[in-house]
């Protein structure tokens with residue numbers, strides 16, 4: 001898909017999914033500013049013919065530096081992919097303030113500051129643009145031990161819907177990507193770990209049931225959605241949460257009223273208790289993988 005003439009920023013692009021995003025964008029013709037917290041950013045930038053910014057996301061200064069680098073080196077900014085993230089997993093009663101704040105700062109604040117700086121520049125250019133915000137199934141459904149991560153990823157999806165409204169008149173599309181891929185994080189899932197290790201050892205693809213039923217594949221599988229959303233083919237696609245992994249491409253629903261009950265004159269606690277059983281509760285949490 002042709003991306004020649006487009007300039008992109010990818011945060012957290014020194015390894016894993018972010019690296020795959022940067023490589024795919026460059027392979028399709030885009031110039032890429034590669035960000036990470038260490039020199040892996042420089043390595044990837046050299047590989048893709050881009051420029052590196054070694055700095056943690058979160059601070060407004062980093063966001064502005066990323067945008068300035070794109071403009072000074074390549075003349076403009078068309079695409080922002082906010083991928084940078086960290087994990088500090090703990091159950092609620094063991095999670096410290098620092099555990100919580102660190103994850104929120106990188107994921108949620110980092111997405112906010114980078115998107116704000118990018119939106120200012122894109123609006124000044126007057127030619128539209130793309131904000132691609134990376135979320136997670138944990139942000140859609142919750143996940144055990146991930147209060148901070150799930151909250152941040154849910155917030156990212158909410159920001160995407162809000163910004164899609166605010167930036168529509170400027171021609172800037174805003175979408176959330178919900179990726180599932182074989183990464184350092186999915187290697188910690190007992191059902192997946194041996195399958196991923198065997199695939200990496202032999203070079204064979206993951207089993208069909210994993211790629212199709214669980215939607216788990218390679219980072220390269222996910223990167224193709226980033227390329228699409230950065231392209232002119234995605235014109236008009238905005239405000240969406242799009243899942244991808246393995247052989248699956250999915251459109252996530254937005255929160256909506258599922259069922260509604262009415263009571264003339266309003267609800268008393270006793271009436272709620274009497275009739276709440278008429279409502280079908282929602283499920284929660286990421287379902288455990290099930291082998292065929």
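Residue numbers (full-length UniProt numbering): 1 to 292. No residue lacks a Cβ here, since even glycine has one placed at the ideal position from N, Cα and C. Just so we're clear, the structure is a prediction, and the values are computed from it rather than from any experiment.
Should residue 93 go down as buried or exposed, given a rule of 16 or more other Cβ atoms within 10 Å for buried? Exposed, by the Cβ-count rule.
Looking at residue 113 and residue 56, is the spacing between their C-beta atoms short of 8 Å? no
Which residues in the same chain as residue 193 place their Cβ atom closer than 6 Å to its Cβ, once the five residues preceding and following it in sequence are excluded? Its chain contains 187 as the residues whose beta carbon lies nearer than 6 Å to that of residue 193, once the 5 sequence neighbours on both sides are disregarded; these appear in chain order.
Return yes when the Cβ of residue 14 is within less than 8 Å of the Cβ of residue 44, no when it is not. The answer is yes: Cβ separation under 8 Å.
Less than 8 Å separating the beta-carbons of residue 251 and residue 149? no
From residue 226 to residue 25, what distance separates their C-alpha atoms? Rounded to whole angstroms, the separation of the alpha carbons of residue 25 and residue 226 is 8 Å.
Taking only runs that begin and end inside the region 96-148, name each unbroken beta strand (DSSP E) of 3 or more residues, in chain order. 129-134
Round the Cβ separation of residue 221 and residue 244 to the nearest angstrom and send it over; I've been treating them as touching at under 8 Å. 7 Å
By how many angstroms is the C-alpha of residue 269 removed from the C-alpha of residue 154? Cα-Cα distance, rounded: 30 Å.
Whole-number beta carbon distance between residue 156 and residue 128, since they are thought to touch under 8 Å: Not confirmed; about 21 Å, so no contact.
Anticipated Cβ contact below 8 Å, residue 32 with residue 63, distance rounded: Residue 63 and residue 32 do not touch by the CB rule: their CB atoms are close to 16 Å apart, not below 8 Å.
Compare the beta carbon distance of residue 107 and residue 152 with 8 Å and say whether it is the shorter of the two. yes
Confirm, please, whether the CB-CB distance from residue 18 to residue 83 is below 8 Å. yes
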